[in-house]
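**Student:** Just so we're aligned, residue 441 is where the sequence shown starts under the numbering used here, counting upward by one.
We put the CB at the ideal spot given by N, CA and C, even for glycine.
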Amino acid sequence: MKKFILTLAVTSLFLSSIANADVDKEALKKKLSERMPSLTVEGINPSPIKGLYEILVGADIYYVSEEGRYLVQGRMFDLVDKKDLTEEKLAVAKAKLINTVSADQMITFKAPMQKYVISIFTDIDCGYCRKLHSEIDQYMAEGITINYLFFPRAGVNSDSYKKAVSVWCADDRNAALTASKSGSNPPPEKTCENPVDEHMALGDALGVRGTPMMISPKGMVYPGYMPAKKLAEALSQENK
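(1) Should residue 519 be labelled buried (16 or more other beta-carbon atoms within 10 Å of its own) or exposed?
(2) Using a 10 Å radius around the Cβ and a threshold of 16 neighbouring Cβ atoms, would you call residue 412 buried or exposed?
(3) Three-state secondary structure (DSSP) at residue 538?
(4) So what does residue 560 bridge to, in DSSP terms?
(5) Could you check what DSSP says for residue 485 in three-state terms: helix, strand or coil?
(6) Please classify residue 622: does DSSP put it in a helix, a strand, or coil?
(7) What is the residue span of the alpha helix (DSSP H) that residue 519 lies within?
(8) Between residue 512 and residue 472, which are expected to be in contact by the criterion C-beta below 8 Å, what is the C-beta distance as a whole number of angstroms?
(9) Nearest by alpha-carbon distance to residue 479: which of 661, 677, 556, 468 is it?
(10) In chain order, what residues of the same chain have a beta carbon less than 6 Å from the beta carbon of residue 580, not counting five sequence neighbours either side?
(11) Roughly how many angstroms lie between the CA atoms of residue 627 and residue 569, to the nearest whole one?
(12) Cα-Cα, which of 585, 638, 495, 582 is closest to residue 604?
(13) In whole angstroms, what is the alpha-carbon distance linking residue 526 and residue 514?
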């Protein structure tokens, strides 16, 4: 047994001493494209494990062997530093996506004394989305500016989708959104050029599965409803 452990240790040292020449990323990307045509690889980087590479697909991360044969889906943890390495990289990817949305493509409720900013994917007919918005003054009081993006869960051309478009096309979008979420005097159905489809596509890329889904400028995701004080605490910790 001792001999086996010694042999294993020596072998590990030998392997770790071998120069880890960077894989030909373009060649690896080509192999992946041939073997999985539906996979759009946006980036390839070495992982902490030799011979295993991290690939970025939208806001998802996978791991692939350097010869492009094995694909691993799942999280990578550093048990010594107690870190979710995949989550850290996912946050970077998600931050890049959410921060591409310009202010004029969202409906913003700005806190008078802003400390934090959060983007929220919302569905007008979602119960918890309505609860969150009914407490909008509490979020404002905590210094949280909210940027709303639409994610009607029932899909394109559903009632929720049409309501989202009508809100966007209203003269006063903030007032129209509040009225729609409260169910009192919602704006009349109306169409115009709008970003609802783009919001939904972005939500899909970010992995939105339900609403509300909140995402910070640093790419940290807070799924579901969260009270104002609790969200402020989370954002405060994130910014330390």
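**Tutor:** Taking the structure as given:
(1) On the sequence shown, residue 519 is found 79 positions in, with the first residue counted as 1. Exposed.
(2) Because the chain is modelled from 441 through 680, residue 412 falls outside the range shown and cannot be assessed.
(3) Taking the sequence shown and counting its residues from 1, the one referred to as residue 538 is at position 98. If DSSP states are grouped into helix, strand and coil, residue 538 belongs with the helices.
(4) Working through the sequence shown from its first residue, we reach residue 560 at position 120. Answer is 588, 654, bridged to residue 560.
(5) Residue 485 sits at position 45 when you count from the first residue of the sequence shown. Residue 485: strand per DSSP, three-state reduction.
(6) Locating residue 622 in the sequence shown gives position 182, where the first residue counts as 1. Correct three-state label for residue 622: helix.
(7) By one-based count along the sequence shown, residue 519 stands at place 79. Taken as a continuous stretch (DSSP letters only), residue 519 belongs to no alpha helix (DSSP H), as it is neither H nor E.
(8) Mapped onto the sequence shown, residue 512 falls at position 72. Mapped onto the sequence shown, residue 472 falls at position 32. So it is not a contact: roughly 13 Å between Cβ atoms.
(9) The residue you call residue 479 lines up with position 39 of the sequence shown. It is 468 whose Cα lies nearest to the Cα of residue 479.
(10) In the sequence shown, the residue the question calls residue 580 occupies position 140. 551, listed in sequence order.
(11) By 1-based counting over the sequence shown, the position of residue 627 is 187. By 1-based counting over the sequence shown, the position of residue 569 is 129. Approximately 18 Å, taken between the alpha carbons.
(12) Here the question's residue 604 lines up with position 164 in the sequence shown. It is 638.
(13) By one-based count along the sequence shown, residue 526 stands at place 86. By one-based count along the sequence shown, residue 514 stands at place 74. C-alpha separation (whole angstroms): 8 Å.
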